[in-house]
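Top to bottom, those sequences are chains Z and C. Under this note's numbering, the first residue of the first sequence is numbered 0, with each subsequent residue one higher. Under this note's numbering, the first residue of the second sequence is numbered 340, with each subsequent residue one higher. By construction, the Cβ of each residue, glycine as well, lies at the ideal position given by its N, Cα and C atoms. First comes the structure, then the notes that go with it.
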Amino acid sequence: MTNPILITGCGVVSAIGNNKAETLDALLDNRSGVGELVYLKTEHKEFPVGEVKMSDEEMRKLMNIRDNAITTRTALMGMIALDEALKDAKITPEMIPNIGFISGTTVGGMDMSEQFYLDYVNNEKHKEYIAVHDCGSCSEMTAEHFGKFAFVTTLSTACSSAANAIILGANMIRCGEADIVVVGGSECITKFHLNGFNSLMILDTKPCRPFDATRAGLNLGEGAAYLVLETEESAKKRGVRAQAILSGYGNACDAFHQTASSPDGEGAYRAMQEALKLADIQPDKIDYINAHGTGTPNNDLSESQAVKRLFGENVPPMSSTKPFTGHTTSASGSIEAVFCILALQNGFLPVNLNWSQPMDDGIVPVHQQVKKELKHILCNAFGFGGNDSSMLISKPRFDELNDRPMAPEPVEEPLYVLSAKQISVQQPLCEDWMTQPVDYQTPFNRSIDPSFKDYISPIEARRMGKILKRAIATSKEAIKTSGLETVDAIITGTGYGCIENTEFFLEALSKDGEQMLSPTYFMQSTHNTISSLVAIQTKNHGYNVTYAHKGISFDSALQDAVLQMRLGKINSALVGGHDELTPTFYNILKKGGMMGQYDEMCGEAAVSVVLGTKSDNCLCKLVNFKMLHKPSMDKLKAIAADFKADYILTGISGNHKGDEAYLKETKELFGDAKLLKYKHIFGESFTSSGIGVYVAAQCLKAGKIPTHLFVNPQEATEKKPSNILIFNHSDGNNYSLTLLEA
Amino acid sequence: MDELIYTLKQQIIEALNLEDMKPEDIDENASLFGEGLGLDSIDALELIVMMEKNYGIKLQDPAKGKEIFKSVAVMADFIAKNRTK
Numbered sequence: 000m001t002n003p004i005l006i007t008g009c010g011v012v013s014a015i016g017n018n019k020a021e022t023l024d025a026l027l028d029n030r031s032g033v034g035e036l037v038y039l040k041t042e043h044k045e046f047p048v049g050e051v052k053m054s055d056e057e058m059r060k061l062m063n064i065r066d067n068a069i070t071t072r073t074a075l076m077g078m079i080a081l082d083e084a085l086k087d088a089k090i091t092p093e094m095i096p097n098i099g100f101i102s103g104t105t106v107g108g109m110d111m112s113e114q115f116y117l118d119y120v121n122n123e124k125h126k127e128y129i130a131v132h133d134c135g136s137c138s139e140m141t142a143e144h145f146g147k148f149a150f151v152t153t154l155s156t157a158c159s160s161a162a163n164a165i166i167l168g169a170n171m172i173r174c175g176e177a178d179i180v181v182v183g184g185s186e187c188i189t190k191f192h193l194n195g196f197n198s199l200m201i202l203d204t205k206p207c208r209p210f211d212a213t214r215a216g217l218n219l220g221e222g223a224a225y226l227v228l229e230t231e232e233s234a235k236k237r238g239v240r241a242q243a244i245l246s247g248y249g250n251a252c253d254a255f256h257q258t259a260s261s262p263d264g265e266g267a268y269r270a271m272q273e274a275l276k277l278a279d280i281q282p283d284k285i286d287y288i289n290a291h292g293t294g295t296p297n298n299d300l301s302e303s304q305a306v307k308r309l310f311g312e313n314v315p316p317m318s319s320t321k322p323f324t325g326h327t328t329s330a331s332g333s334i335e336a337v338f339c340i341l342a343l344q345n346g347f348l349p350v351n352l353n354w355s356q357p358m359d360d361g362i363v364p365v366h367q368q369v370k371k372e373l374k375h376i377l378c379n380a381f382g383f384g385g386n387d388s389s390m391l392i393s394k395p396r397f398d399e400l401n402d403r404p405m406a407p408e409p410v411e412e413p414l415y416v417l418s419a420k421q422i423s424v425q426q427p428l429c430e431d432w433m434t435q436p437v438d439y440q441t442p443f444n445r446s447i448d449p450s451f452k453d454y455i456s457p458i459e460a461r462r463m464g465k466i467l468k469r470a471i472a473t474s475k476e477a478i479k480t481s482g483l484e485t486v487d488a489i490i491t492g493t494g495y496g497c498i499e500n501t502e503f504f505l506e507a508l509s510k511d512g513e514q515m516l517s518p519t520y521f522m523q524s525t526h527n528t529i530s531s532l533v534a535i536q537t538k539n540h541g542y543n544v545t546y547a548h549k550g551i552s553f554d555s556a557l558q559d560a561v562l563q564m565r566l567g568k569i570n571s572a573l574v575g576g577h578d579e580l581t582p583t584f585y586n587i588l589k590k591g592g593m594m595g596q597y598d599e600m601c602g603e604a605a606v607s608v609v610l611g612t613k614s615d616n617c618l619c620k621l622v623n624f625k626m627l628h629k630p631s632m633d634k635l636k637a638i639a640a641d642f643k644a645d646y647i648l649t650g651i652s653g654n655h656k657g658d659e660a661y662l663k664e665t666k667e668l669f670g671d672a673k674l675l676k677y678k679h680i681f682g683e684s685f686t687s688s689g690i691g692v693y694v695a696a697q698c699l700k701a702g703k704i705p706t707h708l709f710v711n712p713q714e715a716t717e718k719k720p721s722n723i724l725i726f727n728h729s730d731g732n733n734y735s736l737t738l739l740e741a
Numbered sequence: 340m341d342e343l344i345y346t347l348k349q350q351i352i353e354a355l356n357l358e359d360m361k362p363e364d365i366d367e368n369a370s371l372f373g374e375g376l377g378l379d380s381i382d383a384l385e386l387i388v389m390m391e392k393n394y395g396i397k398l399q400d401p402a403k404g405k406e407i408f409k410s411v412a413v414m415a416d417f418i419a420k421n422r423t424k
C-alpha cells in the first residue's frame, strides 16, 4: 500500500515575481529581484533587499480588499500566493471547508506593531491593529479571505517555518486527517527583523554571495508561497494531476546555539538524511540541492560540511537562490520548494548568482545555468535555534514510486501522558492547587517562579527572559519524572512567544530609533527560541518545532506529537505550552480586546507534558484528540459524539461575559456530563489549554477531582474519575478536544 | 587609564547582565571569552553595541572584536585610542 503525497498546485510571490510565470521567467533569465529599499520605511538604506514589488495598497487592490480594511503585509502576500495555489490546483470555494491550511510566519503583524507601538502603549489610536499582531491571526486573515478552512494553524520556527508547515501537512495527510492540505508560509520585511539581523551583524551591504569566498552576510527578502498537498485518491477523483511529489522530508535540531549553526552541520545533516530515508532513496539519486545558503560565513560553511558528510565526494549540483530573492526568512521553505517544482517541470538548475570564488572547505555551487532532466531535488530550510528541515521533491512517476511505501500505515493505539509539570500563578512544580489554591483578587498576575538555579547556570540564565527559564525548568522536571532518559521530539506551542524581549526591542526601536539595538533582545524575541533552547539545554537533536496560533498553540503541538506517534516516527515527545505577559503587554492586549476583558483573571503559563507510547508509570491515557476551525454546530456535534466523557473540563474563567454561552454550548454538545473549570485559579493565558491537560492528567492520576474545579460544586464526588475531556473553545474561531482516560 | 578600566568593567557588567558580579571580580588582564568569563559570540555583539553607545566607536567587522575583546585592559587601550566621545 503506497500513499504518495501529491503536490497538485502552488502559488508564489517574491522579489522576482508576483506569480509562478513571472518567477520562472526570472529564474531562467538569471534576473535578481534584490535592490534598493522602496517600500519599507527605514533608515537603513544601506542594505539591499528583495522586496515584493507592490505596495500594501496595490496588494489590497489586487485581492479586492477595501482600502481601509485592517490588513498586514504578511497576510496580503499570503493571500496572493494562496489565491494562485488554489486556482492552480482547481480548488473551488465549496471545497474549502474540507481542506486544512497550515502557514509559517514569525513576524506576523509586526509591520503594523512596529509603526504603532507607542500608540498601543499611550493612546487609543490604531488599537484595531493589536488583534492582528500575532502569527496566528495573520494566518487566519490569509485563510479567511477564501472561506472557512477545516483547520488552521501556524508554525513559527524562524527561517524554516514554511518547511515545517509542509511537513505537518504531509503528516496530517498520511494519518488520514485530511485529503487536501494547503501548506507554506508568508513573511514581509519589517524594521524589527532588519534591525535585529543588523544587530547580529549578518547583513551584507552588497548583494549576497552564498558559498563565495568573499561572502559577508545575507540580504533580507520577503514573499509567500503555498503548495497544495493531496492524496492520490483525491487527485484522481478530482481529475487533477500531480505537478510534483513530496517524497520525503526531515526535521532535526542542531541543538548548538541560538543564532549560529554548528561547525559540522549536525542538524542539517540529520534533516537531509531523514528526508532521504523516508523516501528510501540513495544519495546518488539526488539531481539537485536547493541550499539554504544564506550568504553568512557561518551558514554556508556549516551547510557545506553537512552536505559533504552526507554525499561524500559526489555532492550533487547545488545552488542557493537567495541572490534572486534575498532571504525570505519564514517563507523561504515554501518559496524555494516552488522554485524546485519549476526546476523539475522545466528541466533546469537555478544559478547561484553573484558567485565567483570558491570558499575554503565549501561546495562549488551551480554558477552557469544547466538544462537537464531532474527527478529528485532536496530543498533545505534552516532556522535560528538550529530548527533544520529538508524536503525531497520528486518528479511524478508513479510507476517508480508505487513500490516504495513512504511509511507504515498509521496505527491507532492509545498514547500515555507520562508526566506533566507547570509554572503558573499557582505554586510552581507541584500540585498544591488541588488542596490549597492561591487566591487572586487582581485581574493580571505574574507566575510564581521557583529558584531557577537548580535548572540553569547563572551564566546561561542571565540573558534569558522569564518564559525561557520557566520552559527549561518545567521541561527538565517533566523529562526527569517521565521515567525516560530522553525524548524523541520537542514540540512547543506559544500564542505570543517571548513577549518581554519583544517589548524591549519594540520599545528601543520606537524610542531610540534604528541604531545600536541589542542583539540579545532580538534573538530572544523569536517564538522558536523556547523550543530550541530546551533542545540546547537537554542536548536533543530530535524533531523540534514551535506553533504560534492563538489559543490552540499548545493543542497544535499536542496534535503534532500524536500524529508522529501514530506514524511510528517517534515514541515520546515533550510537548510544551508557554506564554508570558508583561504589565505593558497586558494593557495593550486588553486595549485590543484580546484578553482581560470584563476583568477576568489573566496569568502566565508554562506547562510541559511528556507523551509516550509505553504505559509504565503514566499519569493517564490519551485516547482521542481533534482540532477544528470555525466548524458548524452539526459538524461539532458529529465530532463530539466520538468524545463521550463523564467530565468536561471547560475553559470558562469564572467571571467572563462569554462563560454562559460557553457552558450552554458545552451542554448542547455533551449532554449530562459534569462540567469542570480551571481558569478560575490558573487564569487566562494563550496556552492555558496546556494547563487544562495538566490539570485533567493530575486529577486522573490522583483519582480525585477537587471540589473547587466543579462548575456546580454540588456535583462534586469522592468517586474516582475514569475520564476527562478537555474542551477548548479558545477564541471564537478554534476548538480542540482532548480525551484523557485513567 | 585605571578610571577607564573601572568604568568599562561596570559597563560590561551592565551590558552583559552579569548580575552577580562586581567590577572587582573581573581581572582586567584575564581573557573575557572562552576560559575567563565564559562569554560567547552574542556577548561580543553586545560589547560592540556598548562601545558604539558609550564611546562612539563603530566596529564594522564582528571578527575584529576577537582581538579587541581579549581582555578588559586591551579593550580599554583600544577605546582610549579610538574613542570619538
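Close beta carbons around residue i, own chain, < 7 Å, minus the five adjacent residues each side
i: R72(Z); result: D55, D110, C187
i: S102(Z); result: G77, S138, T141, T153, A164, G183, G184, S185
i: G682(Z); result: V424, N444, M600, C601, G602
i: N393(C); result: Q350
i: A169(Z); result: I4, L228, L245, Y248
Three-state secondary structure assigned by DSSP to residue i
i: V306(Z); result: helix
i: N401(Z); result: Because the pLDDT of N401(Z) is 45, which lies under 50, any placement of that residue in the model is unreliable, and the number read from its coordinates should be weighed accordingly. In this structure, N401(Z) counts as coil in the three-state DSSP scheme.
i: N289(Z); result: strand
i: A507(Z); result: helix
i: N543(Z); result: strand
i: K666(Z); result: helix
i: G107(Z); result: coil
i: F347(Z); result: strand
i: F584(Z); result: helix
i: N97(Z); result: helix
i: V606(Z); result: strand
i: L355(C); result: coil
i: N494(Z); result: Here the sequence assigns Gly to residue 494(Z), which means Asn is not the residue at that position. If DSSP states are grouped into helix, strand and coil, G494(Z) belongs with coil.
i: T7(Z); result: strand
i: E186(Z); result: strand
i: E484(Z); result: coil
Proximal residues to residue i (C-beta, below 8 Å), its chain only, five neighbours per side dropped
i: P582(Z); result: F443
i: V369(Z); result: P316, F347, L348
i: Q356(Z); result: D211, A212, T213
i: K371(Z); result: D286, G346, F347, L348
Own chain, CB closer than 6 Å to residue i, minus 5 neighbours either side, in chain order
i: N504(Z); result: For the sequence presented, residue 504(Z) should be read as Phe rather than Asn. Answer for F504(Z): Y520, F521, S524, listed in chain order.
i: Q257(Z); result: G384, M522
i: V437(Z); result: Q425
i: V12(Z); result: V51, M76, I79, A80, G222, A223
i: S220(Z); result: A quick correction: the sequence has Gly, not Ser, at residue 220(Z). A14, G49, T324, G325, H326, T327, listed in sequence order.
i: T545(Z); result: S155, T156, T491, H526, N527, S530
Whether residue i touches residue j by CB criterion (9 Å)
i: A243(Z); j: T104(Z); result: no
i: F148(Z); j: D82(Z); result: no
i: L226(Z); j: A342(Z); result: no
i: A267(Z); j: D253(Z); result: yes
i: V239(Z); j: G8(Z); result: yes
i: N289(Z); j: E273(Z); result: no
beta-carbon residue i near the ligand PLP non-hydrogen atom, thresh 8 Å
i: V424(Z); result: For the structure depicted, the ligand PLP is absent and the ligand set is empty, with no information on it obtainable.
>> Counting only Cβ-Cβ distances shorter than 9 Å, please list the residues of the segment 248-273 of chain Z near chain C, keeping chain order.
In response: H256, Q257, T258, A259
> Can you list, in chain order, the residues of the segment 501-522 of chain Z whose Cβ is nearer than 7 Å to any Cβ on chain C?
Replying inline: From the segment 501-522 of chain Z, only M515, S517, P518, T519, M522 have a Cβ closer than 7 Å to chain C.
> Any residues in the segment 172-205 of chain Z with a beta carbon nearer than 8 Å to a beta carbon of chain C? Which ones, in chain order?
Replying inline: S198, L199, M200
> When you check each C-beta in the segment 441-461 of chain Z against every C-beta of chain C, which residues fall closer than 8 Å?
Replying inline: Residues P457, I458, R461.
> Which parts of the segment 2-79 of chain Z are runs of the beta strand (DSSP E), unbroken and 3 residues or longer, counting only runs that do not cross its ends?
Replying inline: Given a length threshold of 3 residues, each whole run of the beta strand (DSSP E) inside the segment 2-79 of chain Z is given here in chain order: 4-13.
>> So if I threshold CB-CB distances at 7 Å, which residues from the segment 361-385 of chain C count as touching chain Z?
In response: Cβ contacts with chain Z: G377, S380, I381, L384, E385.
>> Using a Cβ-Cβ cutoff of 9 Å, what residues of the segment 348-361 of chain C are near chain Z? List them in chain order.
In response: Using a CB distance below 9 Å, the part of the segment 348-361 of chain C facing chain Z consists of A354, L355, N356, L357, E358, D359, ordered along the chain.
> Taking Cβ-Cβ distances below 7 Å as the criterion, which residues of the segment 394-419 of chain C are in contact with chain Z?
Replying inline: Those residues of the segment 394-419 of chain C that come within reach of chain Z (Cβ to Cβ, closer than 7 Å) are P401.
>> Please give me, in chain order, every unbroken run of the alpha helix (DSSP H) with length at least 4 that falls completely inside the segment 350-429 of chain Z.
In response: 397-400
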